[in-house]
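Chains as they are written, first to last, in my numbering: chain A, -4 to 245; chain B, 12 to 326. Below is one structure, written out as structure tokens; comments come after it.
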């Protein structure tokens, strides 16, 4: 199928629906395009489907209908190997999901070695550089259980980056953190955005959205209601439900 | 100091109660005029009596330079070589008939109980090996999303867990043994492996399901295939959690292996029965047999505890 695919588009989602077996309609015709190098923040009340939508972008949730293209690959085409696609899409979870049986360095190295089959020494060197980048040079050989939440989340970011993805998905990366640790994680994300990484971020950190996002998507009840610049969203919201949402949280 | 001595007081009370119980057992056996003969047990554990070596056919003795004995038979059969012995009873050139005493050996040999213990260990280890493979495959089938594999695993586990091991041993030995021409040893191993495999499958399934789903998601989101995610992320964690129930299952396996004596495998239990029919030391033999099983299981649980400690480093 040749569609209006543009080399500038990193992710194209068209009319994505998600209906759970219990008939819960979590996504309703959600369409969005994320350009290369763009930082898109998805906001909305709890249960609005923003995490579900994010998880459809690397098929952790299988969309009930609709098309998703990632870096020119049609996710639901038979010829597409989902593992190849996922290797190109980094994901950071709310609950970190670090591998507890591996050291910090082992967490970062596992996928490049086992998935890409790369040389151990190269991968180790890169892992060390990545961990330095997220400020954890002194924690490489400890196990995740000995780290604070903020440190664990930074390891998780380094782990996702180790696969050299073209796009990064963040699923409420700071929601499980103590307030004093939110900043260190957001700083790493800001650096990443500044380096030109394509990012899709589900978050409740409106400050981050306003400062870093190129575009903000507002979702409610499984629908994508507004998608525009942070200035428009936060300063001159027109949509009544967006106004209502912002009045509650700001 | 005071607290310490208090502790010892309780320990000695424990020892005293044990002693009273032992005395009670002894007294009650006296009442039924049982004559304890512990010394008769030793030869069934380690046989120290001299072994007689006899000529297996008629022939001529030849003493070699290294003192070994060769008997050249009259009818050109392969000569009999006797290398290890302690006392020689023949001279060079002696003529021998079949069954003549040639030499004596003082070498100790394993008594029937130790041989039986060894068979029990052998059966348990081989069964354990196959049971783990079977259990792992079935456990993975149980957590898969394909109804075919899932239902087969479910059926297997339910059928095996719902029928007695003794009956399974009979079915394997008499039915499958006849169809597939299995000897009793193989039949015993098949029955024990299949039985234990069902329990191990459940242990592995619950171990895998106890790992938070986020682990699988994280592994898959990094581009790992399902098998790779299982192998490198889920199973190593699940293995650690399944170690305690697995150890319990192993100990159960060793104990359950006593049931294969019903198909005439001379394991520790069968050896015990045979020894009793030769010695009439019923009480002593069963106590020794129980002690040997206990020794085996104790060593095992100690070993597993050590592995658990070593694996605890990442917690």
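Ideal Cβ positions, reconstructed from N, Cα and C, are used throughout, including at glycine.
Assign residue 108 of chain B to one of three DSSP states: helix, strand, or coil. coil
Beta carbon of residue 125 of chain B, beta carbon of residue 56 of chain B: below 8 Å? yes
How long is the line joining the alpha carbons of residue 262 of chain B and residue 247 of chain B, rounded to whole angstroms? 22 Å
Please confirm if the segment 241 to 257 of chain B is in contact with the segment 206 to 216 of chain B, defined as three or more CB-CB distances below 8 Å between the two stretches. yes
C-beta contact flag for residue 36 of chain A and residue 29 of chain A at 8 Å: no
Does DSSP put residue 59 of chain A in a helix, in a strand, or in coil? coil
Whole-angstrom C-beta distance between residue 279 of chain B and residue 177 of chain B, which should lie under 8 Å: Wrong, their Cβ atoms sit about 17 Å apart, outside the cutoff.
Just checking: is the beta-carbon of residue 231 of chain B within a distance shorter than 8 Å of some beta-carbon in chain A? yes
Looking only at its own chain, which residues have a Cβ that is under 7 Å from the Cβ of residue 59 of chain B, when we skip the five neighbours before and after it? 119
Report the three-state DSSP secondary structure of residue 179 of chain A (helix, strand or coil). helix
Strictly below 7 Å CB to CB, what residues from chain A border residue 236 of chain B? 78
Whose C-beta lies closer than 8 Å to the C-beta of residue 119 of chain A among residues of the same chain, with five residues either side of it excluded? 100 and 104
Quick one, which of A/32, A/11 and A/38 has its alpha-carbon nearest residue 239 of chain A's? A/38
What does a CB cutoff of less than 8 Å around residue 200 of chain B pick up in its chain, not counting 5 residues either side in sequence? 134, 137, 138 and 141
Looking at the C-beta of residue 110 of chain A, does it have a partner C-beta in chain B at a distance below 8 Å? yes
Coil, strand or helix - residue 306 of chain B by DSSP: helix
Beta-carbon separation (whole angstroms), residue 52 of chain A vs residue 164 of chain A, contact threshold 8 Å: 6 Å
Assumed close pair residue 295 of chain B, residue 80 of chain B - CB separation to whole angstroms, cut-off 8 Å: Their Cβ separation, rounded to whole angstroms, is 39 Å, which puts residue 295 of chain B and residue 80 of chain B out of contact at 8 Å.
Within-8 Å CB hit, residue 143 of chain A to chain B: no
Pick from A/126, A/54 and A/210: whose alpha carbon is nearest that of residue 194 of chain A? A/210
Neighbourhood of residue 125 of chain A by C-beta distance below 7 Å, restricted to the same chain and skipping five residues each side: 103, 153, 156 and 157
Using the beta-carbon of each residue, which ones in chain B are nearer than 9 Å to residue 55 of chain A? 228, 231 and 232
Chain B contact for residue -4 of chain A (CB, 8 Å cutoff): Note that residue -4 of chain A scores 39 on pLDDT, short of 50, meaning its location in the model is unreliable; the coordinates nonetheless yield the value given after this. It does not; no Cβ of chain B falls within 8 Å.
Closest by C-alpha distance to residue 199 of chain A, when choosing among A/63, A/46 and A/19: A/46
State the CB to CB distance for the pair residue 226 of chain B and residue 94 of chain A, rounded to an integer number of angstroms; the pair is presumed to be in contact (CB under 8 Å). 7 Å
Where the beta strand (DSSP E) through residue 218 of chain A begins and ends: 218 to 223
Alpha carbon to alpha carbon, what distance is there between residue 113 of chain A and residue 130 of chain A? 24 Å
Please compile the residues from chain D whose C-beta is within a distance smaller than 8 Å of the C-beta of residue 239 of chain B. Among the protein chains of the structure shown, namely A and B, there is no chain D.
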